[in-house]
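As structure tokens, the structure follows; a few thoughts come after it.
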Amino acid sequence: MLRGYRVDTLDHRSIPPLGFPELLRCDASLSPSLQTAAQIARGEIVHIPGYDYIDSSLLYSREREKSFMRRLKSESSETFLFRKLRTIKSESDALRLSIEDDRRPLSFQKCFAHYDVQSVLFNISEAVASRANLSQRKNTTTGASAASAGIGPGAAGVIGVGPGAGPGAGPGIGNDGGAAGCSNVNAPLFESPLGSREDLNPKENLDVDEGDGKGNNLVLSCPHFRNEIGGEGERRISLSRANSANYRVSVLEVPRENQPIHREKVKRYIIEHIDLGAYYYHKYFYGREHQNYFGFDDNLGPVAVSIRRERLDDGKEKEGMQFNHRVTFRTSQLTTLRGAILEDAIPSTARHGTARGLPLKEVLEYVIPELNIQCLRLALNSPKVPEQLLKLDEQGLSFQHKVGVLYCKAGQSTEEEMYNNESAGPALEEFLDLLGQRVRLKGFTKYRAQLDNKTDSTGTHSLYTTYKDYELMFHVSTMLPYTPNNRQQLLRKRHIGNDIVTIVFQEPGALPFTPKHIRSHFQHVFVIVKVHNPCTDNVCYSVAVSRSKDVPPFGPPIPKSVTFPKSAVFRDFLLAKVINGENAAHKSEKFRAMATRTRQEYLKDLAENFVSTTTIDNAVKFSFITLGAKKKEKVKPRKDAHLFSVGAITWSVRARDFGQSMDVDCLLGISNEFIVLIEEESKNVVFNCSCRDVIGWTSGIMSIKIFYERGECIMLSAHDNCGEDIREMVQRLEITTRGCETSEMTLRRNGLGQLGFHVNFEGIVADVEPFGFAWKAGLRQGSRLVEICKVAVATLTHEQMIDLLRTSVSVKVVIIQPHEDVVTTLYSVSPNSSAPSTLTGKVNQLEVILRQLQHDLRKEKEDKAMLQEEVQHLRQDNMRLQEESQTAAAQLRKFTEWFFHTIDKKP
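Start counting at 1 in the sequence shown, then tack on 1, and there's your number in this note's numbering.
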């Protein structure tokens with residue numbers, strides 16, 4: 002099936018294929034990278050010779066296969082996990098194995114400790130696929146235009162807007178002049194924020210999609226969109242009563258309380274879908290001694306590698322491991338490989354632990370075996386190199402967002418009706434006062450979101466606010482210029498039509514909203530806010546969300562059947578929802594493609610203009626001298642050395658999804674701080690917990706249950722022929738957590754039918770009858786019941802737990818023995834218990850008490866920091882309320898003066 006797809010040798014300087022001379026209008030004096038950048042800025046897609054589009058899971062060309070096989074044959078030693086590829090006898094076998102192994106990333110290397118979640122998702126095969134797809138990407142209909150594409154004749158015309166137009170510039174708008182539908186051959190072109198133009202033909206490149214069937218009086222179900230109307234919550238894969246916030250998880254190596262995003266958890270809502278791992282290069286490389294290498298790989302295109310060797314702290318040195326190699330590997334794919342590998346985990350011909358270190362060639366060949374090491378060249382010793390790498394890595398971080406606000410009156414629902422509301426009503430004014438502050442645009446020096454701050458061509462005022470580290474400028478339809486006798490209101494749509502997130506404000510009586518009525522490629526998320534009892538003491542708001550189907554879910558979740566009163570809490574909820582919506586939208590296909598093109602040009606520029614002639618291993622030039630000598634064998638790495646890493650060690654597993662009663666393929670990551678499960682299909686984090694919350698596990702030959710917090714658990718199983726993974730997981734848990742293996746016991750009843758122990762509401766044994774059947778079976782005070790008769794305690798109420806223990810004929814329990822550090826063993830000791838008599842026993846007891854005191858002290862410090870944050874937040878709220886009170890008092894005084902002045906004038 003795939004033999005028809007031919008891949009030619011890639012040449013980034015190659016001419017375009019015949020028949021498309023109009024695509025390249027480049028200045029020959031410019032470098033190829035700058036020419037390509039100019040083409041991308043104009044929206045011209047250049048075909049990369051030698052790549053044909055097929056599904057990414059099947060993208061494995063014969064030429065790539067041959068190149069990969071030649072590289073495998075040139076290797077004389079085993080340097081990575083995929084040894085079975087060495088036994089491939091034919092090209093068809095190579096193709097078959099590549100498809101089978103695509104279940105886990107080709108760079109899947111258990112010895113590598115990932116720094117963050119997106120690094121775990123790094124996939125070499127997807128990097129190759131995305132590079133090929135980039136050249137073949139068609140101008141598909143996206144965003145709200147995908148929903149409105151099937152409306153047919155009579156639909157509003159498509160408007161494409163260039164938001165980058167400077168102040169005083171013309172609107173830069175393409176429209177169809179009100180032509181019916183958009184099946185016209187001369188379909189309008191749509192300009193992106195980068196200046197690219199896209200053909201908005203709705204009949205092209207649209208998959209059949211009927212929507213999710215969810216709707217209410219705020220929003221209707223719509224093709225190509227997914228609605229959140231309240232009560233959805235987050236996906237729950239574990240046996241637990243509560244949901245965990247998974248989309249906020251990013252960095253895995255740094256403790257939760259040390260991450261800025263988590264220090265603000267007392268501020269009610271947390272920002273999600275933000276790649277905090279992008280600061281990895283800045284934190285561990287920038288300003289420190291390290292090496293950067295750039296090059297063009299035959300399969301991956303332009304690549305950039307940063308590597309740094311660092312000495313470990315004293316704790317690791319005591320375990321015999323002294324050095325760590327931090328690596329950042331960048332391709333055109335937006336995900337970056339970030340993390341580290343312990344030197345003792347790398348097979349090498351050199352001696353481990355010396356001051357000289359291991360050859361970088363051997364380190365990179367082990368970590369990234371698919372990369373052609375010989376293509377790399379050392380970067381120039383220029384300050385521009387680290388600065389460019391910082392820009393490249395932090396490309397996706399933005400703390401300035403522009404948000405559209407559409408005004409929908411009673412009886413309205415269409416885009417044209419909302420744009421033609423000339424001025425705001427009292428209900429909208431009240432909502433805007435809650436949302437932000439009105440600012441005078443002329444002379445405004447903060448984030449202006451392409452609004453004119455010099456000549457008032459985009460209105461005199463706008464709405465601006467801040468939330469945490471973010472600046473938000475709102476493009477309010479009624480505050481943008483109104484054009485009489487122009488139903489399309491292009492001066493308004495040129496801004497709102499290019500906003501990714503749009504708030505649709507509905508007055509009482511407004512018709513339900515649907516994205517079908519919106520024509521825009523960029524509007525991917527709509528937050529619908531409906532007001533009830535406006536301008537009264539009982540004013541409140543309902544909220545719903547409609548997002549493009551390729552935008553992942555985002556929080557904070559909307560509670561079921563809840564209206565929000567006008568308050569600072571609702572404001573924080575709405576701003577967090579808007580910011581998270583924009584962050585999530587950047588993961589959609591359209592915006593990922595735009596970012597990928599920009600990233601590829603950054604990498605090309607570095608590989609062409611910032612490299613020396615030094616290879617990663619200059620000794621290769623003189624290899625003929627040692628042709629007659631026996632090649633030195635590589636020393637095997639220290640067994641299980643990688644399990645002592647700080648970052649996340651990963652395994653491919655099947656996880657039981659208790660919420661959907663099915664098994665899902667996931668990547669399990671265990672770092673020193675977190676345990677995460679990432680679903681391979683959706684690439685979303687479906688579970689996370691802190692390592693300090695893990696209390697125990699039950700391991701089998703091919704499966705493991707991990708218990709955390711109050712007995713909640715996740716159930717994992719290894720893939721076929723991967724039983725060794727379970728042993729490694731257990732060993733990793735023993736290193737990173739305070740948990741232990743569970744014990745299973747069958748409890749007998751005494752003559753009175755009693756079990757002989759008491760249990761509290763959390764499942765912790767509060768008291769055990771001395772020398773009773775339970776005591777003889779090994780049950781002790783402080784033990785935690787996690788399963789009773791194969792039922793998870795975390796799913797039971799206290800009454801259900803007691804009832805199950807009383808009524809079951811045979812009581813089988815799974816328990817976690819009391820840990821020496823837990824509070825119950827320290828403060829629930831029986832008064833009659835004897836103190837240790839030996840010196841060793843007394844020392845051990847003192848050590849336990851000391852550890853517990855240190856734990857309590859750390860907990861108190863965390864609580865103190867949270868309280869200080871809460872106090873600061875309350876002070877800010879108090880200041881805002883004082884300002885609002887003063888403003889209201891001033892307005893009341895003016896009204897009173899005006900009222901009495903009017904009365905006095907009357908005869």
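A virtual CB, placed ideally from N, CA and C, is assigned to each residue, including glycine.
### Query
Going by Cα to Cα distance, which pick from Leu-669, Ser-646 and Val-647 is closest to Arg-657?
One-based indexing of the sequence shown puts residue 657 at position 656. The option with the nearest alpha carbon to Arg-657 is Leu-669.
### Message
Please classify Cys-536 as buried or exposed, where buried requires at least 16 neighbouring CB atoms within 10 angstroms.
### Response
Position 535 of the sequence shown, counted from the first residue, corresponds to residue 536. That one is exposed.
### Query
With a CB to CB cut of under 7 Å and the five nearest residues on each side skipped, what residues in its chain are close to Ala-778?
Stepping through the sequence shown from its first residue, residue 778 is reached at position 777. The residues are Met-746 and Leu-748.
### Message
Quick check on DSSP: helix, strand or coil for Glu-788?
### Response
Within the sequence shown, numbered from 1, the residue matching residue 788 stands at position 787. Three-state result, Glu-788: strand.
### Query
Helix, strand or coil: which one does DSSP assign to Gln-892?
Translated into positions along the sequence shown, residue 892 becomes position 891. Gln-892: helix per DSSP, three-state reduction.
### Message
Can you tell me whether Pro-370 is buried or exposed? The criterion is at least 16 other CB atoms within 10 Å of its CB, across all chains shown.
### Response
As a working mapping, residue 370 is identified with position 369 in the sequence shown. The residue is buried, with at least 16 neighbouring Cβ atoms inside 10 Å.
### Message
Quick check on the DSSP output: the beta strand (DSSP E) that includes Asn-293 runs from which residue to which?
### Response
Start at 1 with the first residue of the sequence shown, and residue 293 comes out as number 292. Unbroken beta strand (DSSP E) run through Asn-293: 292 to 298.
### Query
Quick one, which of Val-815, Leu-575 and Leu-847 has its alpha-carbon nearest Val-792's?
To locate residue 792, count along the sequence shown from 1; it is residue 791. With distances taken between Cα atoms, Val-792 lies closest to Val-815.
### Query
Can you list, in chain order, the residues of its chain whose CB lies under 7 Å from that of Val-267, leaving out five sequence neighbours each side?
Position 266 of the sequence shown, counted from the first residue, corresponds to residue 267. With a pLDDT of 42 at Val-267, under the threshold of 50, the modelled position of this residue cannot be trusted; read the value that follows with caution. Contacts found: Met-867, Glu-870, Glu-871 and His-874.
### Task
Along the alpha helix (DSSP H) that carries Asp-804, what are the first and last residues, could you check?
The residue labelled residue 804 in the question sits at position 803 within the sequence shown. Looking at the DSSP string, the run of the alpha helix (DSSP H) that includes Asp-804 is 799 to 808.
### Straight-line Cα distance separating Gly-278 from Ser-120
Position 119 of the sequence shown holds residue 120. Position 277 of the sequence shown holds residue 278. Each residue's alpha carbon lies about 8 Å from the other.
### Message
Bridge partners for Leu-756 per DSSP, in chain order?
### Response
In the sequence shown, residue 756 corresponds to position 755, counting from 1. Leu-756 pairs with nothing; no bridge assigned.
### Query
Considering only C-alpha positions, which residue in the set Met-703, Glu-388 and Gly-648 is nearest to Ser-251?
As a position in the sequence shown, residue 251 is number 250, starting the count at 1. When only C-alpha atoms are compared, the closest one is Gly-648.
### Message
Going by the DSSP bridge assignment, what does Gly-405 pair with across the sheet?
### Response
Position 404 of the sequence shown holds residue 405. Paired residue(s): His-476 and Thr-503.
#### Entry: Cross-strand partners of Trp-899 (DSSP beta bridge)
Start at 1 with the first residue of the sequence shown, and residue 899 comes out as number 898. In DSSP, Trp-899 forms no bridge with anything.
### Message
Suppose the cutoff is 6 Å on Cβ atoms and the five residues either side in sequence are ignored; what does the same chain contact list for Ala-450 look like?
### Response
For the purposes of this step, residue 450 is identified with residue 449 of the sequence shown, where counting begins at 1. If we look at Ala-450 and ignore the five residues flanking it on each side, its Cβ neighbours are Lys-403 and Met-474.
### Query
Whole-angstrom Cβ separation of Glu-235 and Pro-560, contact assumed at under 8 Å?
On the sequence shown, residue 235 is found 234 positions in, with the first residue counted as 1. On the sequence shown, residue 560 is found 559 positions in, with the first residue counted as 1. About 13 Å; that fails the 8 Å criterion.
### Query
What three-state label does DSSP hand Met-867 in the structure shown?
To locate residue 867, count along the sequence shown from 1; it is residue 866. Residue state, collapsed to three classes: helix.
### Task
Apply the 10 Å Cβ neighbour rule to Arg-598 and answer buried if 16 or more other Cβ atoms are within range, or exposed otherwise.
Here residue 598 corresponds to residue number 597 of the sequence shown, with the count starting at 1. When all chains shown are included, Arg-598 counts as buried.
### Task
Under 8 Å by Cβ, that's how I've got Ile-765 and Gly-783 pegged, so tell me the actual separation to the nearest angstrom.
Here residue 765 refers to the residue found at position 764 when the sequence shown is read from its first residue. Here residue 783 refers to the residue found at position 782 when the sequence shown is read from its first residue. That pair is a contact at about 7 Å.
### Task
Have a look at the DSSP bridge pairing and note the partners of Gly-340.
Counting from 1 along the sequence shown, the entry for residue 340 is found at position 339. For Gly-340, which the question treats as bridged, DSSP gives the partners His-115 and Val-328.
### Three-state secondary structure assigned by DSSP to Phe-574
Here residue 574 corresponds to residue number 573 of the sequence shown, with the count starting at 1. Phe-574 falls in the helix class under three-state DSSP.
### Query
By how many angstroms is the C-alpha of Phe-675 removed from the C-alpha of Lys-452?
For this step, residue 452 is matched to residue 451 along the sequence shown. For this step, residue 675 is matched to residue 674 along the sequence shown. According to the sequence provided, residue 452 is Leu. The question's Lys does not apply to it. Their backbone Cα atoms lie some 43 Å apart in a straight line.
#### Entry: Boundaries of the beta strand (DSSP E) in which Glu-254 is found, first to last residue
Sequence index remark: in the sequence shown, residue 254 carries index 253 (1-based). Neither: Glu-254 is in no beta strand (DSSP E) and is coded neither H nor E.
### Query
Three or more beta-carbon pairs under 8 Å between the segment 276 to 294 and the segment 121 to 130, yes or no?
no
### Query
So Leu-492 is in the alpha helix (DSSP H); what residue range does that whole segment cover?
The residue labelled residue 492 in the question sits at position 491 within the sequence shown. It spans 491 to 497 - the alpha helix (DSSP H) in which Leu-492 sits, taken as one unbroken run.
### Task
Please work out which residues of its chain come closer than 6 Å, Cβ to Cβ, to Ile-100, disregarding the five sequence neighbours upstream and downstream, and give them in chain order.
Residue mapping note: residue 100 aligns to position 99 of the sequence shown, counting from 1. For Ile-100, the predicted structure reports a pLDDT of 37, less than 50, and the residue's modelled location is therefore unreliable. The matter cannot be settled from this model.
#### Entry: Cα-Cα separation between Asp-394 and Lys-443, rounded to whole angstroms
Indexing the sequence shown from 1 puts residue 394 at position 393. Indexing the sequence shown from 1 puts residue 443 at position 442. Cα to Cα, Asp-394 sits roughly 34 Å from Lys-443.
### Residue ranges of each beta strand (DSSP E) within the segment 678 to 712, 3 or longer
686 to 691, 695 to 700 and 704 to 709
### Message
Suppose you measure from the CA of Asn-486 to the CA of Val-505; what does that come to, to the nearest Å?
### Response
Here residue 486 refers to the residue found at position 485 of the sequence shown. Here residue 505 refers to the residue found at position 504 of the sequence shown. If I take the Cα positions, the gap works out to 23 Å.
### Query
Helix, strand or coil: how does DSSP classify Gly-302 here?
The residue given as residue 302 occupies position 301 in the sequence shown. Here Gly-302 sits in strand by DSSP.
### Query
Taking DSSP as the reference, what is the three-state secondary structure of Leu-669?
Position 668 of the sequence shown, counting from 1, holds the residue named residue 669. Residue state, collapsed to three classes: strand.
### Task
Mind checking which residues open and close the alpha helix (DSSP H) that includes His-283?
In the sequence shown, counting from the first residue as 1, residue 283 sits at position 282. Residues 281 to 285.
### Nearest-angstrom Cβ-Cβ length linking Tyr-282 and Thr-329, presumed shorter than 8 Å
As a working note, residue 282 is residue 281 in the sequence shown. As a working note, residue 329 is residue 328 in the sequence shown. Yes, they are in contact, since the Cβ atoms of Tyr-282 and Thr-329 sit about 6 Å apart, within 8 Å.
### Task
Give the DSSP-derived three-state secondary structure of Ser-146 in the structure shown.
To locate residue 146, count along the sequence shown from 1; it is residue 145. Helix at Ser-146.
### Query
Hey, Lys-684 and His-225: beta-carbon distance below 8 Å or not?
The sequence position of residue 684 within the sequence shown is 683, counting from 1. The sequence position of residue 225 within the sequence shown is 224, counting from 1. Contact flag unset, no.
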